[in-house]
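**Student:** Take this structure, written in structure tokens, and hold onto it; I'll ask about it next.
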Amino acid sequence: MGIAPAADWEHDLASVLLTEEQIQARVAEMAAELADEYRDKHPLLIGVLKGSIVFLSDLMRRLCFPLEIDLVCCSSYGHSSESSGEVRLRLDLSKELAGRHVLLVEDIVDTGLTLSRLCDLLRERQPASLKVCCLLSKPSRREVDMQPDYVGFEIPDEFVVGYGLDYAERYRWLPHVAVVKPEAYR
Ligand code: IMP
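So the mapping is simple: the working numbering equals the position in the sequence shown, first residue as 1, plus 725.
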């Protein structure tokens, strides 16, 4: 029996950066850390659409205490792989934040512009506390002072997809995180 040829989409991907097993193990560790801080606070977890949905759903199922979730959608990238630097709210929250312990759940912090702007907007609504939890962070790309409170993995300056992250809406479904070949998006 011969080796199956690679599917078309696989040619866009250079390598697997984080396996499904590595991600799941780290999400479990992060949930344990979050439980220490939030167990008695009935927190509101806010997922930033669309990239955080896989991370948010895995994370919240490992937090075995009462919590609520909400979703927000910002636009900044469109179909490019570079941030435009402009952040707009395209879908607002359905819940009040005043007095709540809020944890923003994000897929990746790159330049930091999106989260920095979003945190400013949310702080105006006077939550009791506001912290940021991201699966991935690219510290070498930071353009503003944005240090997430909880970070799954620090990664190099490469464009990655999978586990909710996309390139032009593709690859979100991958259970692992893969590096995209630069020639695929240039
Ligand atoms: P920032 O404002 O530059 O920090 O960008 C944050 C947003 O950019 C993330 O929520 C992602 O939607 C997107 N992004 C940044 N880097 C990547 C990447 O490597 N793959 C997929 N999306 C990315």
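Glycine residues also receive a C-beta, built at the ideal position from the N, C-alpha and C atoms. Values in this document were obtained by computation on a predicted structure and should not be read as measured data.
Consult DSSP for residue 767 and reduce its assignment to one of helix, strand or coil.
**Tutor:** coil
**Student:** Closer than 7 Å by C-beta to residue 751: which residues in its own chain qualify, once you throw out the five before and the five after it? Chain order, please.
**Tutor:** Excluding sequence neighbours, residue 751 sits near 877, 878.
**Student:** Entirely within the region 802-859 and at least 3 residues each: give me those beta strand (DSSP E) ranges in chain order.
**Tutor:** 813-816, 826-834
**Student:** Report the start-end ranges of each alpha helix (DSSP H) in the region 856-911 that is 4 residues or longer and not cut off at the edges.
**Tutor:** You should have 907-910.
**Student:** Can you have a look at residue 832 and say buried or exposed, based on whether 16 or more other CB atoms are within 10 angstroms of its CB?
**Tutor:** buried
**Student:** Which whole-angstrom value is the C-beta distance of residue 772 and residue 830, which I expect to be below 8 Å?
**Tutor:** Indeed they touch by this definition, with Cβ atoms about 5 Å apart.
**Student:** Between residue 888 and residue 748, which are expected to be in contact by the criterion C-beta below 8 Å, what is the C-beta distance as a whole number of angstroms?
**Tutor:** 6 Å
**Student:** Compute the beta-carbon to beta-carbon distance between residue 795 and residue 769, rounded to the nearest angstrom, for a pair I have assumed lies under 8 Å.
**Tutor:** Right, their Cβ atoms sit about 6 Å apart.
**Student:** Would you call the CB atoms of residue 835 and residue 866 closer than 9 Å?
**Tutor:** yes
**Student:** Can you tell me whether residue 837 is buried or exposed, with buried defined as 16 or more other CB within 10 angstroms of its CB?
**Tutor:** buried
**Student:** If I follow the unbroken alpha helix (DSSP H) through residue 782, where does it start and stop?
**Tutor:** 778-787
**Student:** Mind checking residue 842: buried by the 16 CB within 10 Å criterion, or exposed?
**Tutor:** buried
**Student:** Determine whether the beta carbon atoms of residue 827 and residue 856 lie at a separation below 9 Å.
**Tutor:** The answer is yes: Cβ separation under 9 Å.
**Student:** In terms of DSSP beta bridges, what is residue 794 paired with?
**Tutor:** 770
**Student:** Using 8 Å as the cut-off, classify the Cβ of residue 778 as near or not near the heavy atoms of the ligand IMP, replying yes or no.
**Tutor:** no
**Student:** Is residue 812 near residue 799, with beta carbons less than 9 Å apart?
**Tutor:** yes
**Student:** Less than 9 Å between the beta carbons of residue 797 and residue 902, yes or no?
**Tutor:** Against a cut-off of 9 Å, the Cβ pair of residue 902 and residue 797 comes out as no contact.
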